[in-house]
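Novice: Numbering (my numbering), first residue to last: 1256 to 1627.
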Ligand SMILES: Nc1ncnc2c1ncn2[C@@H]1O[C@H](COP(=O)(O)OP(=O)(O)O)[C@@H](O)[C@H]1O
Ligand SMILES: [Mg+2]
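1) Examine ligand 2 and report whether any of its heavy atoms sits within less than 7 Å of the Cβ of residue 1385.
2) For ligand 1, I want to know if residue 1530 counts as a neighbour, meaning its beta carbon is within less than 7 Å of at least one of the ligand's heavy atoms.
3) Assuming residue 1537 and residue 1598 form a contact by the criterion Cβ under 8 Å, report the distance between their Cβ atoms to the nearest whole angstrom.
4) Count the other CB atoms, across all protein chains shown, that sit within 10 Å of the CB of residue 1220; report buried if there are 16 or more and exposed otherwise.
5) Can you find the residues in the same chain that come closer than 6 Å, C-beta to C-beta, to residue 1337, ignoring five residues on each side of it along the sequence?
6) Is any heavy atom in ligand 2 found nearer than 7 Å to the beta carbon of residue 1327?
7) Classify residue 1579 as buried or exposed, calling it buried when 16 or more other Cβ atoms lie within 10 Å of its own Cβ.
8) What residue from 1444, 1306, 1290 and 1478 has the CA that sits closest to residue 1318's CA?
9) Just to confirm before moving on: does the CB-CB distance between residue 1605 and residue 1544 stay below 8 Å?
10) Taking contact to mean 3 or more Cβ pairs, one atom from each stretch, closer than 8 Å, check whether the segment 1304 to 1321 and the segment 1384 to 1400 are in contact.
11) Any chance the segment 1393 to 1408 sits against the segment 1344 to 1357, with 3 or more Cβ pairs inside 8 Å?
12) I need the straight-line Cα distance from residue 1517 to residue 1527, nearest angstrom please.
13) Given that a residue counts as buried once 16 or more other Cβ atoms are within 10 Å of its Cβ, and exposed if not, what is residue 1450?
14) On the criterion of 16 or more Cβ atoms from any shown chain inside 10 Å, does residue 1275 qualify as buried, or is it exposed?
15) Can you tell me the Cα-Cα spacing of residue 1519 and residue 1339, whole angstroms?
16) From the beta carbon of residue 1411, is the nearest beta carbon of chain D less than 8 Å away?
17) Would you say residue 1399 touches ligand 2, meaning its beta carbon is less than 7 Å from a heavy atom?
18) Where residue 1523 and residue 1539 are concerned, what is the direct C-alpha to C-alpha distance, given to the nearest angstrom?
19) Since residue 1483 and residue 1310 are thought to touch, with beta carbons under 8 Å apart, how far apart are those beta carbons, to the nearest angstrom?
20) In terms of residues, what are the limits of the beta strand (DSSP E) holding residue 1340?
21) Any contact between the segment 1356 to 1376 and the segment 1295 to 1302? By contact I mean 3 or more CB pairs, one from each, below 8 Å.
22) The beta strand (DSSP E) that contains residue 1440, what's its start and end?
23) Do residue 1318 and ligand 1 come close, with the Cβ less than 7 Å from some heavy atom?
24) When we look at the beta-carbon of residue 1474 and count the other beta-carbons within 10 Å, is it buried (16 or more) or exposed?
25) To the nearest angstrom, how far is it from the Cα of residue 1586 to the Cα of residue 1350?
26) Going by DSSP in three states, residue 1261 sits in which element: helix, strand or coil?
27) Rounded C-beta distance between residue 1342 and residue 1496? I'm assuming under 8 Å.
28) Have a look at residue 1383 and residue 1615 and give me their C-alpha separation to the nearest angstrom.
29) Check whether the Cβ of residue 1486 sits closer than 7 Å to any heavy atom of ligand 2, and report yes or no.
30) Write down every uninterrupted run of the alpha helix (DSSP H) in the segment 1556 to 1616 whose length is 4 residues or greater and which is fully enclosed by it, in chain order.
31) Kindly indicate the opening and closing residues of the beta strand (DSSP E) around residue 1426.
32) Starting from the Cα of residue 1315, find the closest Cα among 1574, 1513 and 1571 and give me that residue.
33) So, with DSSP's three-state summary, where would you put residue 1353?
34) In the structure shown, what three-state DSSP assignment does residue 1304 receive?
35) My guess is that residue 1469 and residue 1500 are in contact by the Cβ rule of under 8 Å, so how many angstroms apart are they, rounded?
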């Protein structure tokens, strides 16, 4: 990206320190991709063009292809706070809009289990900047799904402990609502797994450019700076495709397979610190061949960037390239003997098994000549 080019969308927009802190800072290891540049330019160009505005983006690709990092990079480029929601099958409407929690009296609170007391106190003490799920995720080290379940339990518990008393209710907006109302960049991970059609519909109508979300307390309008970045793994046999209506709301999509080989090598270098280009190049070629072979033969697993990084790192640490191929890459794709055979054959056909062997021979020799 040219040093002078700025993609900031709302320069001069006032932000709190907390919001400022949510804007992603690119680490030195970050490599700007074609996709990043393309999206940044398109969004910037159309930002003030009314109905042509691009504010719902879809990134589809393998795990490890860089979707999340790209979403974060957009936060950095646009100068918008980054936040995310990880979808799960049983998401319900309160996960989209938020939850109403009764505030139970302190003497009733004292009669609860200490663990439950503690969690409720954390929630009651929050300043409302974070969503309830985020608070629970941080305080109890839970996943989004666990936190959502916990919240449902707490709601039940709290309402059981309020009967007959006049109580105060507090509304805890979801992460989605927070991003929507205050104008953040929200990564929505894997919305294709959501089962409840009503939940999908709520999400879908929120994604209209001039959409709104009906809360129990008020109606909130979409902030002009709100950007939704939907990220999904490439659909494979058996996975649910992204809902058509949702897809219809998207104004820009990128299909992110494995990045270009040079980019793979560059990322592995900055990620692992290992600098041997000729070795990394053989490993990258192998990953590309395995990825294609798996796909053509409908083998379920993926050979993606993650496997590549761990493999490169193992080799850099002295492991045999041929052996670690299995425990860093192949067994992650499949343990079925026939499928393994297909993958091996594909590598042999491209001469890559031989190249991996060469790497091991060279390393062995280097090692022995280093000895006195
Ligand atoms: N542009 C990039 N520059 C450098 N490293 C990257 C880049 N994009 C992704 N990575 C690295 O690749 C790995 C996978 O990226 P991630 O964004 O988590 O993938 P995904 O969300 O598609 O599963 C991460 O460890 C990340 O640090
Ligand atoms: Mg991701």
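Where is the CB? At the ideal position from N, CA and C, for every residue including glycine. Everything numeric in this text was worked out from a predicted model, so none of it was measured.
Specialist: To lay it out plainly:
1) Residue 1385: no, Cβ never under 7 Å from ligand 2.
2) No; taking the cut-off as 7 Å, the Cβ of residue 1530 has no heavy atom of ligand 1 nearer than that.
3) Their Cβ separation, rounded to whole angstroms, is 16 Å, which puts residue 1537 and residue 1598 out of contact at 8 Å.
4) This structure leaves residue 1220 out entirely; the chain is present only between 1256 and 1627.
5) Around residue 1337: 1277, 1279, 1327, 1330 and 1440.
6) The answer is no for residue 1327.
7) Result: buried.
8) Taking the Cα of residue 1318 as reference, the smallest distance to any Cα among 1444, 1306, 1290 and 1478 is reached at 1444.
9) Residue 1605 places its beta carbon less than 8 Å from that of residue 1544.
10) Output reads no: the segment 1384 to 1400 does not touch the segment 1304 to 1321.
11) Flag = yes, the segment 1393 to 1408 and the segment 1344 to 1357 touch.
12) If I take the Cα positions, the gap works out to 15 Å.
13) Its Cβ having fewer than 16 others within 10 Å, residue 1450 is exposed.
14) Classification of residue 1275: exposed, given that the 10 Å Cβ count is below 16.
15) Within the model, the alpha-carbon separation for residue 1519 versus residue 1339 is close to 25 Å.
16) Looking for chain D here will not work: only one protein chain is present.
17) No.
18) When the Cα atoms are used, residue 1523 and residue 1539 turn out to be separated by approximately 9 Å.
19) Rounded to the nearest angstrom, the Cβ distance from residue 1483 to residue 1310 is 7 Å, consistent with a contact under 8 Å.
20) For residue 1340, the enclosing beta strand (DSSP E) has its first and last residue at 1337 to 1341.
21) With the cut-off at 8 Å, the segment 1356 to 1376 and the segment 1295 to 1302 do not touch.
22) Counted as a single uninterrupted DSSP element, the beta strand (DSSP E) harbouring residue 1440 occupies residues 1440 to 1444.
23) Ligand 1 has a heavy atom closer than 7 Å to the beta-carbon of residue 1318.
24) With fewer than 16 other Cβ atoms within 10 Å, it is exposed.
25) Cα to Cα, the separation comes out at about 36 Å.
26) When DSSP states are grouped into helix, strand and coil, residue 1261 belongs to the coil group.
27) With 8 Å as the limit, residue 1342 and residue 1496 do not qualify as a contact, their Cβ atoms being about 14 Å apart.
28) Residue 1383 and residue 1615: Cα-Cα distance of roughly 56 Å.
29) Correct: residue 1486 has its Cβ closer than 7 Å to ligand 2.
30) Scanning the segment 1556 to 1616 for uninterrupted alpha helix (DSSP H) segments of 4 residues or longer gives 1560 to 1571, 1576 to 1579 and 1592 to 1604, listed from N- to C-terminal end.
31) Run containing residue 1426: 1423 to 1428, per the beta strand (DSSP E) assignment.
32) Checking every option, the nearest Cα to that of residue 1315 belongs to 1513.
33) If DSSP states are grouped into helix, strand and coil, residue 1353 belongs with the strands.
34) Looking at residue 1304 - three-state DSSP - the assignment turns out to be coil, as it is neither helix nor strand.
35) Contact flag wrong, Cβ pair sits at about 18 Å.
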